[in-house]
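Numbering (our numbering), first residue to last: 299 to 676.
Every residue gets a Cβ at the ideal spot worked out from N, C-alpha and C, and that includes glycine.
Contents: one structure, followed by commentary.
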Ligand SMILES: Cc1ncc(COP(=O)(O)O)c(C=O)c1O
């Protein structure tokens with residue numbers, strides 16, 4: 299892998315081996331060596347080959363995450379924004395609250411969508427700190443008594459239907475490194491921007507979802523992993539394409555699925571397995587991110603503002619405190635083949651997204667650019 303390096307937050311870089319396979323399959327898709335007479339975009343999703351592909355993708359995902367048998371896997375459309383609505387539509391029961399931890403713009407947006415469907419309780423928010431940290435458990439304004447497992451709800455207070463958190467806030471660059479436990483309701487996790495970058499204890503969650511376009515594939519498919527006892531909660535009057543039980547019972551083939559996105563995702567899952575699985579992805583993620591954070595912590599010009607314990611391994615946010623210097627650095631990097639480092643428009647500064655496909659050499663090149671730029675301005 300050589301320059302340019304793509305630090306885009308998503309859609310983001312895919313492994314070159316996956317892109318090579320896609321290129322080879324484009325004129326005619328070969329499924330386990332058998333030509334299908336057309337590209338994957340041109341064959342029926344109800345054909346044997348595509349049904350086998352989606353089944354294998356699910357099995358590879360189950361193997362990678364050690365998903366327990368009582369969890370279902372669903373491939374949906376509508377992106378993570380679709381899930382901001384689908385989660386409360388399916389899981390928020392009348393007379394209960396949905397309790398949200400707000401650690402960045404995505405969890406805040408999820409609160410906004412959930413509020414359209416029922417009562418939302420914000421457990422805690424780090425907005426006043428510019429989302430430079432994940433709120434600690436002792437800051438939660440819980441509707442239940444925090445004294446251990448399944449603590450009773452206080453008299454007269456609504457109990458939560460579920461407890462929601464975003465485990466990696468892509469824009470502000472914070473990550474929940476250890477999922478909360480001993481909760482009185484199922485934990486729902488938006489894992490979009492660090493999904494499959496590390497092992498994850500699925501059994502600690504009632505539901506996990508992730509849009510594919512950061513670590514595992516192109517935009518267009520969202521993966522949902524849901525504990526089967528939660529499937530019966532949904533009222534009948536919600537749209538079929540967002541009804542978890544309906545979609546799961548139809549093996550994600552109720553209507554035409556995003557075939558190309560699922561196909562590329564299936565290839566990426568095989569790539570992750572071949573690389574050594576999630577333990578290997580995690581080792582690489584730690585190596586890449588610590589190299590960059592170390593360089594930023596040693597820098598006199600740039601700062602990484604997120605609290606050390608909450609720093610994201612996937613999205614490294616930093617700035618100089620001066621918008622002109624930041625813009626000059628983004629341009630300096632761009633001219634050296636280090637692409638898409640501009641921070642999100644609401645955050646400013648820089649953001650280096652270091653997903654699974656980013657080679658260590660890309661981070662070494664970025665660290666060299668940080669040092670060179672700083673030396674030029676000294
Ligand atoms: C953590 C997280 N959640 C939700 C979203 C929204 O995803 P989408 O635009 O696919 O709906 C994003 C997008 O970047 C994200 O990073």
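Label residue i either buried or exposed according to how many other C-beta atoms from any shown protein chain fall within 10 Å of its C-beta, with 16 as the threshold for buried.
i: residue 331; result: exposed
i: residue 649; result: buried
i: residue 670; result: exposed
i: residue 617; result: buried
i: residue 498; result: buried
i: residue 504; result: buried
i: residue 535; result: exposed
i: residue 339; result: exposed
i: residue 380; result: buried
i: residue 675; result: exposed
i: residue 346; result: exposed
i: residue 592; result: exposed
i: residue 640; result: buried
i: residue 643; result: exposed
i: residue 467; result: buried
i: residue 386; result: buried
i: residue 511; result: buried
i: residue 328; result: exposed
i: residue 576; result: buried
i: residue 301; result: exposed
In the DSSP assignment, what are the bridge partners of residue i?
i: residue 458; result: 395
i: residue 371; result: 523
i: residue 419; result: 397
i: residue 328; result: 333
i: residue 269; result: Absent from the model: residue 269. The displayed extent of the chain is 299 to 676, so no value can be given.
i: residue 508; result: 521
i: residue 303; result: 636
Could you check the C-alpha separation between residue i and residue j for me, to the nearest Å?
i: residue 470; j: residue 367; result: 35 Å
i: residue 651; j: residue 341; result: 34 Å
i: residue 584; j: residue 656; result: 12 Å
i: residue 599; j: residue 309; result: 29 Å
i: residue 493; j: residue 513; result: 7 Å
i: residue 653; j: residue 515; result: 11 Å
i: residue 417; j: residue 394; result: 7 Å
i: residue 349; j: residue 343; result: 7 Å
i: residue 370; j: residue 481; result: 21 Å
i: residue 663; j: residue 610; result: 20 Å
i: residue 378; j: residue 546; result: 18 Å
i: residue 525; j: residue 375; result: 19 Å
i: residue 631; j: residue 407; result: 31 Å
i: residue 305; j: residue 313; result: 13 Å
i: residue 431; j: residue 333; result: 51 Å
i: residue 635; j: residue 570; result: 26 Å
i: residue 605; j: residue 628; result: 23 Å
i: residue 521; j: residue 335; result: 28 Å
i: residue 413; j: residue 355; result: 34 Å
i: residue 390; j: residue 487; result: 15 Å
i: residue 325; j: residue 337; result: 6 Å
i: residue 626; j: residue 672; result: 11 Å
i: residue 411; j: residue 485; result: 18 Å
i: residue 239; j: residue 316; result: Because the chain here runs from 299 to 676, residue 239 falls outside it and cannot be looked at.
i: residue 446; j: residue 429; result: For residue 446, the predicted model reports a pLDDT of 46, less than 50, meaning its position is unreliable and no value from the coordinates is stated.
i: residue 596; j: residue 557; result: 46 Å
So the candidates are the options; which of them puts its Cα closest to the Cα of residue i?
i: residue 441; options: 421, 609 and 569; result: 421
i: residue 552; options: 537, 382 and 558; result: 537
i: residue 559; options: 373, 641 and 465; result: 373
i: residue 399; options: 334, 549, 630 and 477; result: 477
i: residue 465; options: 556, 624, 312 and 612; result: 612
i: residue 361; options: 603, 610, 580 and 574; result: 574
i: residue 403; options: 415, 388 and 427; result: 427
i: residue 548; options: 352, 305, 316 and 338; result: 352
i: residue 496; options: 601, 626 and 579; result: 579
i: residue 507; options: 593, 363 and 587; result: 363
i: residue 435; options: 412, 461 and 415; result: 461
i: residue 405; options: 414, 392, 382 and 390; result: 382
i: residue 437; options: 401, 459 and 457; result: 401
i: residue 602; options: 633, 636, 564 and 472; result: 472
i: residue 397; options: 562, 345, 458 and 316; result: 458
i: residue 311; options: 644, 577 and 517; result: 517
i: residue 479; options: 489, 468 and 463; result: 463
i: residue 554; options: 568, 539, 430 and 335; result: 539
i: residue 490; options: 501, 475 and 509; result: 509
i: residue 529; options: 542, 523 and 519; result: 542
i: residue 388; options: 359, 614 and 533; result: 533
i: residue 608; options: 474, 637 and 456; result: 474
i: residue 318; options: 544, 565 and 433; result: 565
Answer yes or no: does any C-beta atom of chain C fall closer than 8 Å to that of residue i?
i: residue 670; result: The structure shown has no chain C; it contains just one protein chain.
Problem - beta strand (DSSP E) segments (min. 3 residues) lying fully within the segment 512-559 - result: 520-525
Exercise for the section: Tell me the start and end of each unbroken beta strand (DSSP E) in the segment 570-647 that is at least 3 residues and wholly inside, in chain order. Expected result: 613-616
Handout entry: Segments assigned beta strand (DSSP E), at least 3 residues, entirely inside the segment 464-501
Key = 485-488
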